[in-house]
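Protein chains: 2
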Amino acid sequence: MSVDCVIFGFDFEKLKVLVIQDEPNEAPSKARFSLPGDLIYDDETLDQAAARVLKELTGLENIFLEQLGAFSSLDRLSKPADKEWLIMMREQPEMRVITVAYFALVNLNAFNPMVAKFAKAVSWKPVDEIDSMAFDHFDILQKAHQQLQSKLKIQPIGFNLLPEKFTLSQLHKLDEVIAGKELDKRNFRRKMIKLKIVEKLDEKQKGVPHKPSSFYHFNVENYQKLAETGFDNFGF
Amino acid sequence: MSVDCVIFGFDFEKLKVLVIQDEPNEAPSKARFSLPGDLIYDDETLDQAAARVLKELTGLENIFLEQLGAFSSLDRLSKPADKEWLIMMREQPEMRVITVAYFALVNLNAFNPMVAKFAKAVSWKPVDEIDSMAFDHFDILQKAHQQLQSKLKIQPIGFNLLPEKFTLSQLHKLDEVIAGKELDKRNFRRKMIKLKIVEKLDEKQKGVPHKPSSFYHFNVENYQKLAETGFDNFGF
DNA sequence: GCAAAAGTGTTAACTGTACACCCATGA
DNA sequence: TCATGGGTGTACAGTTAACACTTTTGC
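Residue numbers (the numbering used here), protein chains in the order written: chain A, 1 to 236; chain B, 1 to 236.
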């Protein structure tokens, strides 16, 4: 039994995910990527195990972290590279493994991933540039991506991916990237402001070669209120 | 590792769930109820294990069956009755168990539950009359109930709980029971008909002491089409 | 002054919601 | 003829969606 974490981040351009390159010395073209994860200890819950993996890797705690579901692939030995890795790393390489996947949303500007106990190269990869991963991790990533998309239609969870202060353009761009389509700028702003989940700060961008944007922050109180009633009027 | 199934049914009055009474000879007031489940075999996926439990218990296949998530309670020995049961039934009573829960929607009029290998009393109980269960099964039931409610806001999955032919009043009642609130009759009918997910049949109720209702059936084709676009205009 | 992104209003179409009465049947 | 649940239309309010120009800044 293991947990794997799909950790999403946003660099104001693309949606990214934290991946581990199993053999850091390989050429990147031949590299084999997997999701960070670990076996579950006997004395911890699944949520605790996922939070532990997240903390060991990023140093972050109290982050948006939600269970995605359990995955049971019966063909862990079907890819030669997977088989090799299992023989190297595990006492019982053929043993059946069921993994419980979590997905996390973090502000990727706030920290540098730590290699820590993983002894592997950790990096942010754009989600749309990944087309295969170790074991069933690609399936898990796709499911996590879908979940993120459909969740965003119901709840404005995007702010978990942004710094405390952000501009409406950044939020707008983020929602477009996740939704995978253009969203009308004026309608988007109107909606966020009407729902009162963002509040304007007395601070503007500096040093930008265009009209500086105001910074905003999330109003957690109003957000909670809306969360209770189910965000009936949210969605694009 | 085990799977547990929350099997919902609808008797045109209340939402019910299939439960197992662990000691059939106990007085019902002292009875201890649990969700049907089983350990997972080495050569099957989680989905297969859940489908097997459902089939063994009900004889039904190709039923709406969806994973709810993995649950890991650390305190399986905290209720005395649970402890007793584990000592009787399991070789390693103290062993950590993680369970993957599924929820299923069935037409409860279409079959009689089989006791089969469970050797326990199986029965339908109204969801709103259950306030405790064995292990963490009450938590699982509540989560399943929530999931059903929030899913119904997005997708008209209700028909899985009805016979092939049904009246719009039955569908209306079902959605009210799941949503837990009244839904305007005219608006409800309009919506279902406009979405074209139901089709009127040339058949009416007989022998009822009031104006007989037309039977309808689901149009699976239109339903699929809507499912692809995400049921943007569904919801109460 | 020019390039680049910020910021702002209006209109038309549609969707949601509230509401009350007649109809067909069995007893 | 009465009790029961089936079945229908309309009007108002709110929401969505489409669309283009002015503003502020650094260079």
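Just so it is clear, CB atoms sit at the ideal spot from N, CA and C, and this is done for glycine as well.
With fewer than 16 other beta carbons inside 10 angstroms of its own, S214 of chain B counts as exposed. Boundaries of the alpha helix (DSSP H) around K185 of chain A: 185 to 195. CA-CA distance, K125 of chain B to D131 of chain A, rounds to 47 Å.
Using a Cβ-Cβ cut-off of 7 Å, L74 of chain A counts as an interface residue toward chain B, since at least one Cβ of chain B sits closer than that to its own. Positions of the alpha helix (DSSP H) runs, each at least 4 residues long and wholly inside the stretch 77 to 130 of chain A, are given as 80 to 89 in order along the chain. Short of 8 Å from the beta carbon of G37 of chain B, and not among the five residues preceding or following it, lie these beta carbons of its own chain, in chain order: S2, V3, D4, C5, V53, T99.
Separation of the CB atoms of A134 of chain A and S29 of chain A is rounded to 16 Å, and the pair is thereby denied contact status at 8 Å. Contact note: R52 of chain B does not reach chain A at a C-beta cutoff of 7 Å; the least C-beta distance is about 13 Å. Setting aside the 5 residues that flank it on each side, E176 of chain A is surrounded in the same chain by E182, L183, each with a C-beta closer than 8 Å to its C-beta; the list follows chain order. The Cβ of L171 of chain B sits no closer than 7 Å to any Cβ of chain A. Buried is the label assigned to I197 of chain B, since at least 16 other Cβ atoms lie within 10 Å of its Cβ.
Nearest Cα to L74 of chain A within the set B:Q48, B:Y216, B:Y102, B:D136: B:Q48.
The beta-carbon distance between L108 of chain B and G9 of chain B, rounded to whole angstroms, is 3 Å. This is short enough to meet the 8 Å contact definition. Collapsing the DSSP output to three states places F135 of chain B in coil. Comparing C-alpha distances from A121 of chain B to each of B:E13, B:E164, B:D22 shows the shortest one belongs to B:D22.
Under the Cβ distance rule, D4 of chain B does not count among the residues neighbouring chain A, no pair being separated by less than 7 Å.
Shown here, S169 of chain B sits in a helix according to DSSP, grouped into three states. Listed along chain A is no residue with a C-beta nearer than 8 Å to that of G59 of chain B; the closest approach is about 25 Å. With contacts defined by Cβ atoms closer than 7 Å, V127 of chain B and V17 of chain B form a contacting pair. Closest in alpha carbon position to F159 of chain A, among A:P93, A:L57, A:E199, A:V208, is A:E199. Apart from sequence neighbours up to five positions away, the residues of its chain that approach K151 of chain A with a beta-carbon distance below 7 Å are I157, ordered along the chain. Not a single C-beta of chain B is nearer than 7 Å to the C-beta of T167 of chain A.
Under the Cβ distance rule, G69 of chain B counts among the residues neighbouring chain A, one pair being separated by less than 7 Å. Chain A places a beta carbon closer than 7 Å to that of V100 of chain B, counting this residue as a contact. Residue environment for L174 of chain A: buried (at least 16 other C-beta atoms within 10 angstroms of its C-beta).
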